[in-house]
Amino acid sequence: MDPENYNIKNYLETLTMPENWFPIGQSFDRVGIDLVRLLPITTQGNCYIAVAVDYLTKWSKARAIQKADAKLVANFHL
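Just so you know, we're using our numbering here: the sequence shown kicks off at 14 and counts up by one.
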């Protein structure tokens, strides 16, 4: 490589991003939510477990819920 023609712009143009790359952002920009179902019914009437995991920090939260509907899961996440 000729040192006279070398500059940082030429070097950066040779770099490529991986195909599975995505911007990281901030905590709670990407959250995964799952439901664990068909559990024995508790004395409070709960038979599902809602689990949320933040992709960046790996922080997780779980709570027993009575029904697997969108309103309960949305309230659980807030």
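By construction, the Cβ of each residue, glycine as well, lies at the ideal position given by its N, Cα and C atoms. As the structure is a computational prediction, the values presented were derived from the model and not from experiment.
- Query: Between the segment 53 to 63 and the segment 38 to 45, do at least 3 Cβ pairs fall closer than 8 Å?
  - Reply: With a cut-off of 8 Å, the segment 38 to 45 and the segment 53 to 63 do not count as touching, because too few Cβ pairs lie within range.
- Residue range of the beta strand (DSSP E) that G45 falls in? Note, G45: beta strand (DSSP E), 44 to 49.
- Item | Inter-residue Cα distance where the pair is P53 and W72 | For P53 and W72, the distance between alpha carbons rounds to 26 Å.
- Run the CB neighbour count on A63, radius 10 Å, all protein chains shown included, and call it buried at 16 or more, exposed below. By the 10 Å Cβ count, A63 comes out buried.
- Message: Can you give me the C-alpha to C-alpha distance between L69 and I46, rounded to a whole angstrom?
- Response: Spanning the two alpha carbons is a distance of roughly 14 Å.
- Per DSSP, what kind of secondary structure is I78 in: helix, strand or coil? For I78, the three-state secondary structure derived from DSSP is strand.
- Query: Which of helix, strand or coil does DSSP assign to I54?
  - Reply: Collapsing the DSSP output to three states places I54 in coil.
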